[in-house]
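Per the working numbering, the very first residue in the sequence shown carries number 278; after that it's consecutive.
From the three backbone atoms N, C-alpha and C, an ideal C-beta is built for every residue, glycine too.
Since we're looking at a predicted model, the values are computed, not measured.
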Amino acid sequence: ASGAVSVYRLGAGEDLTTGGTAARKPAYTALNLRTPVAMLRFNHDGAVLAMASRKEQGALRLLHVRSGTVFANWPTSNSPLGYVWSLDFSPKSEYIAIGNDKGKVLLYRLKHYLKEL
């Protein structure tokens with residue numbers, strides 16, 4: 278079982294069925310989860326991809342899609358995520374909500390997307 282997430286770049290009018298996926302090479306592959314990926318969610322502008330596994334506590338990573346870089350500063354080993362069972366971004370990505378195995382929903386603010394009031 279793999280925690281790998283491969284990202285493909287497509288040109289205008291292309292889809293993964295054009296030429297078949299076997300002929301395509303991923304732009305990059307994120308290997309930051311050690312257990313099978315259960316959830317993937319893009320934020321509103323497609324700049325961030327949240328990846329999570331249900332098989333290990335705290336198994337959630339945020340990927341900067343353009344660069345292929347996984348954010349190293351969050352979550353930390355002190356983030357009380359538990360086993361992640363659901364996740365989603367708010368409509369303009371100011372927040373990410375994470376549901377866990379204890380029936381709690383954790384709400385985190387993404388400062389990059391937070392606009393001044």
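Rounded to whole angstroms, H341 and S370 show a C-alpha spacing of 13 Å.
For T306, the uninterrupted beta strand (DSSP E) segment begins and ends at Y305 to A307. If you draw a straight line from the Cα of L317 to the Cα of A327, it is about 6 Å long. Your pair G335 and S367 does not check out as a contact, with CB atoms roughly 22 Å apart and the cut at 8 Å. With a contact defined as Cβ atoms closer than 8 Å, R331 and V282 miss out at about 15 Å. Secondary structure at H389: helix, using DSSP grouped into helix, strand and coil. Note on geometry: alpha-carbon atoms of V347 and Y390 lie some 17 Å from one another. Closest by C-alpha distance to S279, out of A324, L337, P313 and A349, is P313. Annotated as proximal: R338 and N309, with beta-carbon spacing under 9 Å. Taking a C-beta distance under 9 Å as the contact criterion, A349 and L364 do not qualify as a contact pair. One alpha carbon belongs to P303, the other to L287, and they sit about 10 Å apart.
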